[in-house]
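Peer 1: Protein chains in written order, with the numbering used here: chain X, 0 to 264; chain V, 6 to 295. Beta carbons are placed, not taken as given, at the ideal position from N, Cα and C, and that holds for glycine.
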Amino acid sequence: MSSSMMIGQYIPAGSFIHKLDPRTKIAIIFFFVVIVFFANSVMSYGLLTLFAVGSAFATKIRVRYILKGLKPVWFLIAFTFLLHLFVTREGEVIATVFGWELYREALIQGSTISLRFFLLIMVTSLLTLTTTPIEITDAIEQLLGPFKRFRFPAHELALMMSISLRFIPTLMQETEKISKAQASRGVDFRTGSFKDRIKAVIPLLVPLFVSAFKRAEELAMAMEARGYKGGEGRTKLRELHIGWKDYVVYGLFILLMAGLFLTRN
Amino acid sequence: MDITFDHVSYTYQPNSPFEHHALKDLSFQFSSGSFVAVIGHTGSGKSTLIQHLNGLVQPTEGAVSIGSYHLQAGKKNKKLRELREKVGVVFQYPEHQLFEETVEKDIAFGPSNFGVGEEDIKQRTKEAISAVHLSEDMLQRSPFDLSGGQMRRVAIAGVLAMDPDVLVLDEPTAGLDPRGQKEIMDMFARLHKQKQLTTVLVTHSMEDALNYADHVIILKDGEVYKEGAPLEIFKEKEALQSVQLDVPEVIEFLGEVERTLDEKISYQGQSIAELAKELAQVVKGGRDHE
Ligand SMILES: Nc1ncnc2c1ncn2[C@@H]1O[C@H](COP(=O)(O)OP(=O)(O)OP(=O)(O)O)[C@@H](O)[C@H]1O
Ligand SMILES: [Mg+2]
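Next up, the structure:
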C-alpha cells in the first residue's frame, strides 16, 4: 500500500501551472473535455495532443512519473483500442491475419477513441497533480457559489469534500498500520481461498470503522468548540485571485479553440 | 533467537517523488536472550526497523536474520508465517487493532490463527490477561467498552498469548499512567527472564532503557548513531543531547555527586531514594573519618 501511489496525487513542483488559479484550471479542463469531441481530423487531434503534452511539460513534473501515474488507465485505453479492432466492421479490409479481417474504420475508430480517452485522463490528472485538494474544493465552492441562491449547499458540499480529502491519507495510513498489526497476529491477506480472504478482511474493517467514527465525532466536537456554524458570513483564509498568468492561459486556450475549428474537416 | 542486521537499508516509496530513505546501511547484531532498547528522536526509523523483525517489511538492501530465518533484499521468504508465530510484535498504540466481540476472543485471535489447540488457548488467555493485571471478569466484555489503558492491556495480552520467542515492543507504555507504565514494564522484564525471551523495546523513556535493557541502540536519521551497554551510552551527555535525547535522571544525579563531592557510587538499578540513602551513608562515613 505504501509503495503504490494514487493516480494524480498532488506533487509540489512550483511550476507556472501550479500557480494558476484553480478555477482557471478547472474551467480550462471543462472546455477541453468539451472540445475534444469536436476534433475530427489528424491536424485537430495533433493540436489537442500538443496542448496536453505541452501542459504536461510545463508542470515541471517528470513525464515518466506522470505516465506512471496513469498506469491503471493504460489497460483501459488498450482495451478500448482492441475492442474496436474486433467489433467495428466498416470500410474496406486492409489486412487479413489468420482469417481475421482488419477493417479500415476499426483502426481509425480504435485509435481516435483511445486517443481521446488518453487526452481526457491526462489533462484531468494534470489538475490533481498540480493543485492541492484544498485549492480544488475552494474553487468548486466558488464556482458553485451562484447556485446558492437556489438553496444549493455549495459551502457544505465543499466542506464535505475537503474533510473527505483530508482524511484519505489518514485512512490509508491507518489501513496499513492495522493490516500490519493483524498480519503480525497471523492473518494472511494474500493467500488462501476466497472465503478465507473475505474472513481476513473483518479484523481490518472493524477497527477501521471504529476509528473513522471516533474521528468523525472528535472532529465535529472540535469544530463546534471552535465556533463553527456553517458558511454564513464566513471569510476565507486563502482568497482566490485571477492574475495575468490566468489571462495568458485563457488567451492560449482561445487560440487553441480557433486552431481546432480551422483544422476540422 | 539471534538477530543480525547486515547493511540493511529501507526506502519508502522508492523511485517516486515521495521517496524516503528511512533506514541507511544498518549493521548490528545481538544474541538470543538479550534485552535491547532502541531509542532515537521521532522519525529516526525505530518503527521501520522493528517491522523487519517479523517480515512486515523487507529490506530494500542488505539482509536480516532472525534465528534461522533470513530476509534478504529482493528475495521472497516463504516461511513468514512461522516467523510471525515466533516473533510477537506489540505496535505503537496497539489498542487500535482490537476488533472482536469479546476480550477473550480478541486475545485468542493470534494463537488460533497459528493453529493452537482450544484447550491450550484457554490456558494462554488466562495467563495473558493476568499478566497484564486485568481480572478474568473482563474476558466476556466487549473490548470497545474499556478505557484506553485497559484496551492497551488487552492488546498486549493478545500478543503475549501467541507465546513468542522474540518480543518486539514499540513504545508499549506511551500514554499510560505512571503506575501502569511501571506495571507493564516490570511484567515484560519478568517474562523476559522467565521465558528466556529475546526482547526489543522501542522507547522514548531513557529511564526504561537504563533499567530494563542490557544493550542500547541509538538511531539518528535512519543510521546507528551509538550502540553499547546502557551505562556506557548514558554517560555521554553531549552526544545524547546532540540527538535530542536526555540523560536519565539517576545518571545525571550520580554525575553531579561525582563532580561536587568527588564520590563514586556504582549504579546497580537503584532508585533515586535508594541512592540518596547510600549517599547519606557515604557522606556520614566520610565525616567519621575526619
Ligand atoms: N508508510 C510510510 N510511507 C512513507 N514514509 C514513511 C512511512 N512510514 C514512515 N515513514 C517515514 O520514515 C521515517 C521513519 O519513520 P518511523 O515510523 O520508523 O519513525 P520512528 O522512529 O518510529 O518515529 P516515532 O518515534 O515518531 O514513532 C519518518 O521520517 C517517516 O516520515
Ligand atoms: Mg514509531
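(1) Check the DSSP bridge columns for residue 101 of chain X and list the partner residues they point to.
(2) Can you list, in chain order, the residues of the segment 103-120 of chain V whose Cβ is nearer than 9 Å to any Cβ on chain X?
(3) What number of angstroms, rounded off, separates the C-alpha of residue 46 of chain V from the C-alpha of residue 26 of chain V?
(4) Below 8 Å on the Cβ atoms is my guess for residue 33 of chain V versus residue 69 of chain V; work out the distance and round it to an integer in Å.
(5) Taking the CB atoms as reference points, tell me whether residue 162 of chain V and residue 134 of chain V lie closer together than 8 Å.
(6) Quick one, which residues of the segment 7-35 of chain X are near chain V if we go by CB-CB under 7 Å, in chain order?
(7) Just mark residue 148 of chain V as buried or exposed, buried being the case when its beta carbon has 16 or more other beta carbons within 10 Å.
(8) Mind checking if residue 1 of chain X is an interface residue toward chain V, Cβ cutoff 8 Å exclusive?
(9) Let me confirm a value: residue 227 of chain V is counted as buried when at least 16 other C-beta atoms fall within 10 Å, else exposed. Which label applies?
(10) Kindly say whether residue 56 of chain V, judged by its beta-carbon, lies nearer than 8 Å to any beta-carbon of chain X.
(11) Please name the residue in X:96, X:79, X:111 and X:20 whose C-alpha comes closest to that of residue 42 of chain X.
(12) Considering only residues of the same chain and omitting the five flanking positions on each side of residue 58 of chain V, which have a CB-CB separation below 8 Å?
(13) Rounded to whole angstroms, what is the Cα-Cα separation between residue 259 of chain X and residue 158 of chain X?
(14) Identify the continuous alpha helix (DSSP H) that holds residue 131 of chain V and give its terminal residues.
(15) In whole angstroms, give me the CA-to-CA distance for residue 130 of chain X and residue 101 of chain X.
(16) Can you confirm whether residue 13 of chain V, when its beta carbon is compared against all beta carbons of chain X, has any partner nearer than 8 Å?
(17) Which residues, in order along the segment 158-191 of chain X, keep a beta-carbon less than 8 Å from a beta-carbon of chain V?
(18) With distances taken from each beta carbon to the nearest heavy atom of ligand 1, which residues come in below 5 Å, in chain order?
(19) Closest to residue 229 of chain V by C-alpha separation, out of V:23, V:44, V:20 and V:37, would be which residue?
(20) Nearest chain A C-beta to residue 210 of chain X closer than 8 Å, yes or no?
(21) From the beta carbon of residue 22 of chain V, is the nearest beta carbon of chain X less than 8 Å away?
(22) Inspect the beta-carbon positions of residue 270 of chain V and residue 254 of chain V and report whether they are closer than 8 Å.
(23) Would you mind working out which of V:275, V:243 and V:154 sits nearest residue 313 of chain V, comparing C-alpha positions?
(24) Going by alpha carbons, who is nearest to residue 138 of chain X out of X:30, X:125, X:20 and X:13?
(25) What residues in the segment 127-158 of chain X bring their beta carbon closer than 9 Å to a beta carbon of chain V?
(26) Please report the straight-line C-alpha distance between residue 140 of chain V and residue 165 of chain V, rounded to a whole angstrom.
(27) Have a look at residue 281 of chain V and residue 259 of chain V and give me their C-alpha separation to the nearest angstrom.
(28) Please go through the segment 41-126 of chain V and give each complete alpha helix (DSSP H) segment of 4 or more residues, from N-terminal end onward.
(29) Shorter than 8 Å from the beta carbon of residue 71 of chain X to some beta carbon of chain V?
(30) Do we get a CB-CB distance below 8 Å when we pair residue 62 of chain X with the residues of chain V?
(31) Looking only at its chain, what residues have a beta carbon closer than 7 Å to the beta carbon of residue 168 of chain V, apart from the 5 residues adjacent to it on each side?
(32) Should residue 201 of chain X be flagged as near chain V, meaning a C-beta pair shorter than 8 Å?
(33) Which runs of the alpha helix (DSSP H) at least 4 residues long sit entirely within the segment 118-175 of chain X? Give them in chain order.
(34) Taking only three categories from DSSP, how would you classify residue 199 of chain V?
(35) Mind the definition here: the segment 16-30 of chain X touches the segment 234-246 of chain X only if three or more C-beta pairs lie below 8 Å; say whether that holds.
(36) Leaving out five residues on either side along the sequence, give the residues of the same chain with a beta carbon under 7 Å from the beta carbon of residue 135 of chain X.
Peer 2: The answer reads as follows:
(1) On the first sequence, position 102 is the one that residue 101 of chain X refers to. In the DSSP output, where bridge partners are listed per residue, residue 101 of chain X has X:94.
(2) 103, 104, 105, 114, 115, 116, 117, 118, 119 and 120
(3) In the second sequence, the residue the question calls residue 46 of chain V occupies position 41. In the second sequence, the residue the question calls residue 26 of chain V occupies position 21. So the alpha carbons of these two residues sit roughly 16 Å apart.
(4) Locating residue 33 of chain V in the second sequence gives position 28, where the first residue counts as 1. Locating residue 69 of chain V in the second sequence gives position 64, where the first residue counts as 1. With a Cβ gap of about 11 Å, residue 33 of chain V and residue 69 of chain V do not count as contacting.
(5) Mapped onto the second sequence, residue 162 of chain V falls at position 157. Mapped onto the second sequence, residue 134 of chain V falls at position 129. It is a contact, given that the beta carbons lie within the stated cut-off.
(6) 10
(7) In the second sequence, residue 148 of chain V corresponds to position 143, counting from 1. By the neighbour-count rule (16 or more Cβ atoms within 10 Å), residue 148 of chain V is buried.
(8) Locating residue 1 of chain X in the first sequence gives position 2, counting from the first residue. Unreliable placement is indicated for residue 1 of chain X, whose pLDDT of 38 sits below 50; the coordinate value is still reported in the next sentence. Chain V, which has a Cβ nearer than 8 Å to the Cβ of residue 1 of chain X, makes this yes.
(9) The residue given as residue 227 of chain V occupies position 222 in the second sequence. Under this definition residue 227 of chain V is a buried residue.
(10) As a working note, residue 56 of chain V is residue 51 in the second sequence. Yes, residue 56 of chain V counts as interfacial toward chain X.
(11) Sequence index remark: in the first sequence, residue 42 of chain X carries index 43 (1-based). Among X:96, X:79, X:111 and X:20, the Cα nearest to that of residue 42 of chain X belongs to X:111.
(12) Here residue 58 of chain V corresponds to residue number 53 of the second sequence, with the count starting at 1. 8, 69, 71, 92, 94, 171, 173 and 205, listed in sequence order.
(13) Taking the first residue of the first sequence as position 1, residue 259 of chain X is located at position 260. Taking the first residue of the first sequence as position 1, residue 158 of chain X is located at position 159. For residue 259 of chain X and residue 158 of chain X, the distance between alpha carbons rounds to 38 Å.
(14) In the second sequence, counting from the first residue as 1, residue 131 of chain V sits at position 126. For residue 131 of chain V, the enclosing alpha helix (DSSP H) has its first and last residue at 123-136.
(15) Your numbering for residue 130 of chain X matches position 131 in the first sequence. Your numbering for residue 101 of chain X matches position 102 in the first sequence. Each residue's alpha carbon lies about 43 Å from the other.
(16) If you number the second sequence from 1, residue 13 of chain V lands on position 8. With 8 Å as the cut-off, residue 13 of chain V does not count as an interface residue toward chain X.
(17) From the segment 158-191 of chain X, only 173, 176, 177, 179, 180, 181, 182, 183, 184, 185, 186 and 187 have a Cβ closer than 8 Å to chain V.
(18) X:1, V:17, V:25, V:27, V:47, V:48, V:49, V:50, V:51, V:52 and V:53
(19) Within the second sequence, numbered from 1, the residue matching residue 229 of chain V stands at position 224. Among V:23, V:44, V:20 and V:37, the Cα nearest to that of residue 229 of chain V is on V:44.
(20) Of the protein chains in the structure, X and V, none is chain A.
(21) Along the second sequence, read from residue 1 onward, the residue named residue 22 of chain V stands at position 17. True, the Cβ-Cβ gap to chain X drops below 8 Å.
(22) Translated into positions along the second sequence, residue 270 of chain V becomes position 265. Translated into positions along the second sequence, residue 254 of chain V becomes position 249. No. Outside cutoff.
(23) In the structure as shown, chain V starts at 6 and stops at 295, and residue 313 of chain V therefore has no counterpart that could be examined.
(24) As a working mapping, residue 138 of chain X is identified with position 139 in the first sequence. Nearest of X:30, X:125, X:20 and X:13 to residue 138 of chain X, Cα basis: X:20.
(25) Under the 9 Å Cβ criterion, the segment 127-158 of chain X contributes no residue.
(26) The residue labelled residue 140 of chain V in the question sits at position 135 within the second sequence. The residue labelled residue 165 of chain V in the question sits at position 160 within the second sequence. Rounded to the nearest angstrom, the two C-alpha atoms are 16 Å apart.
(27) In the second sequence, the residue the question calls residue 281 of chain V occupies position 276. In the second sequence, the residue the question calls residue 259 of chain V occupies position 254. Approximately 10 Å between the Cα atoms of the pair.
(28) If one requires a minimum length of 4 residues, the alpha helix (DSSP H) runs lying completely within the segment 41-126 of chain V are 51-55, 85-91 and 108-118, in chain order.
(29) For this step, residue 71 of chain X is matched to residue 72 along the first sequence. Chain V contact via Cβ: absent.
(30) If you number the first sequence from 1, residue 62 of chain X lands on position 63. No, no contact with chain V.
(31) Locating residue 168 of chain V in the second sequence gives position 163, counting from the first residue. Taking residue 168 of chain V as the centre and dropping the five residues before and after it, the same chain places the C-beta of 129 closer than 7 Å to its C-beta, in chain order.
(32) Mapped onto the first sequence, residue 201 of chain X falls at position 202. Yes - at least one Cβ of chain V is within 8 Å of the one on residue 201 of chain X.
(33) The DSSP assignment places 132-143 as complete runs of the alpha helix (DSSP H) inside the segment 118-175 of chain X, in order along the chain (cut-off: 4 residues).
(34) Position 194 of the second sequence, counting from 1, holds the residue named residue 199 of chain V. Residue state for residue 199 of chain V is assigned as helix, using DSSP reduced to three classes.
(35) yes
(36) Locating residue 135 of chain X in the first sequence gives position 136, where the first residue counts as 1. 21, listed in sequence order.
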